[in-house]
Structure formats: C-alpha cells, structure tokens
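Just so we're aligned: the sequence shown equals residues 13 to 251 in the working numbering.
Positions of the beta carbon are idealized from the N, C-alpha and C atoms, including for glycine.
Please read the structure below before turning to the comments.
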Amino acid sequence: MTVTDEVRPEAGPTGGWIGALYRRRAWLWLVPAVPAVVLVALIMVILPPEQTQENVADWAFTLSPFVLAVATVALLPRWRPGPVLLVLAVVVYMGYLDTGMVLRILDLANAPDAEQQALFEHVYQFELFTATFVVLFALYAYRVAGARTVSVLKLGVASILVVISGLNDLTFWLTNDWPDGRPEELRWASHIIVFVGGPPSVATAVVFMVIHLALAGAVMALPLGRIVDRALAGPGDLR
C-alpha cells in the first residue's frame, strides 16, 4: 500500500501538539498564507526592487514569503477542484508571468545606459518571483496527487535550499560570454556575500552550493513521516 492509499481510522489522533494541529488542519493553512500574501504585496508592489541584500536579516526577509508559501501549500486540503487550480496556474504563468518577463527584458534592452541598472532590478525581482511560482506549482501538483503534508514540506524545504544554493550563479558564471574572461569572484551573488563577508571566489561559491545541495538531500532523507505517525499514535498522517 502506498502513502496515498493509506486510510485514516475513524477515531481522530490524540498525539500531543501534532494531534492538535491535525484536528485543525482544515484551516491551518491560513496561518502561513496570510503573512505570505502580505509580504509578497510588500516586496513586489510597495517596496522598490533590489537585487542586492545588505545583511542576513535582509536575506531572511526576502526569503520569508517563499518559506511561508511552502508551508501553505503543504497544509492545503486536497480540494476537489485541485486539478482545475493547476490549470489556472498554467494560465497565470502563460498569461502574466511569461509575458511580464518578456516585456521587462524588452524594456531593459531598449533603455538608455543610465536606466539599465534600475530596470535590471525589476527584471531580477520578477525572475525570482517566477522561480518561486514554478516551485510552488510543482509542490501543489505533488499535494493534489496525494502527497502527505510532511512529504510536501520536505520537498519544499529541499527546493528552497537548491534555490538559494547559488547553483544559478555558478551556471551563469560558467555559460555567460565574458568579454574579458570569466571573473575570479561572483560579485553579483549578494545572498552568498552576506554569509561569507565579501564577494565569493568560484571555489567558495562551489563549496556554498555543495553544502546546500547536501542539506537538501539530508532533508529529503529525514523520516518525518514515521515521526508524525508515532506522534499521532497510529498509522495515519497529516492530510
């Protein structure tokens, strides 16, 4: 029997605080969803876009909507119209995100040099938003397909670790056509700079990436399902 085939007994779980959360599972997703929406509106609409992050607090603030959104998706009930919402998400991607990215790139390409940096900030912010949307779309599809809350959380946390690992910074360094040769430091990788104290060398960026990918693998290997099952004092799961 697979995880998605498990059937919870009629008697509800009584396993401490995990059991208490389970009993409130129908609305628990709103706890992370509300602040996630507020933070997205604040970052995407109210505050000016910024490519660089000045310190760890700035990094954590920028990442917090992503973390909250992952928790929201993991806690969402498996609504019957779930597949319809996935189709609507594709419509949003093709009708808004894809078009919005193209328009921003065209604005950047046609702008005078004095406006290039400001417009690039908008492109960079929108690209991060799009990457987050793609990860959340995959997580929601996984949830709709029957994945447990703990399984979605594990996949979501592992995905966040991959996103912030600097993998794309290294592939950009490797594949970009540098007129003067590849730089020795990744001066644009501000999310690494806030942790290492300065522009990382290529070797430092590789170590940073490897650590995050290893952590992602460790998260995926955690037996959270068994831990939750024992806490609920039964064979069930957070659904």
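Query: Nearest to residue 73 (by Cα), restricted to the options 181, 203, 90, 102; Result: 203
Query: Residue 90 versus residue 97: straight-line alpha-carbon distance, rounded; Result: 11 angstroms
Query: Beta carbon of residue 151 nearer than 8 angstroms to that of residue 231; Result: no
Query: Closest Cα partner of residue 240 within the set 38, 122, 125, 162; Result: 162
Query: C-beta atoms of residue 135 and residue 117 nearer than 8 angstroms; Result: yes
Query: Boundaries of the alpha helix (DSSP H) in which residue 56 is found, first to last residue; Result: Segment: none, residue 56 is in no alpha helix (DSSP H) and carries neither H nor E.
Query: Contact belief for residue 9 with residue 68 at Cβ below 8 angstroms, rounded distance in angstroms; Result: The structure shown has nothing for residue 9, since the chain only spans 13 to 251.
Query: Contact under 8 angstroms by Cβ, residue 236 with residue 166; Result: yes
Query: DSSP state of residue 66 mapped onto helix, strand, coil; Result: coil
Query: Nearest-angstrom Cβ-Cβ length linking residue 198 and residue 212, presumed shorter than 8 angstroms; Result: 5 angstroms
Query: Cut-off 8 angstroms between Cβ atoms - residues of its own chain near residue 196, not counting five sequence neighbours on either side; Result: 213, 214
Query: Backbone secondary structure at residue 177 - three-state DSSP; Result: coil
Query: CB of residue 156 within 8 angstroms of CB of residue 95, strictly; Result: yes
Query: Beta-carbon gap between residue 109 and residue 132 smaller than 8 angstroms; Result: no
Query: Cβ-Cβ separation, residue 164 to residue 8 (assumed contact under 8 angstroms), whole Å; Result: This structure cannot speak to residue 8, because the chain is shown only from 13 to 251.
Query: Straight-line Cα distance separating residue 168 from residue 127; Result: 36 angstroms
Query: Buried or exposed (CB count within 10 angstroms, at least 16 for buried), residue 184; Result: exposed
Query: 8 angstroms contact criterion, which residue 177 and residue 220 should meet: CB distance rounded; Result: 7 angstroms
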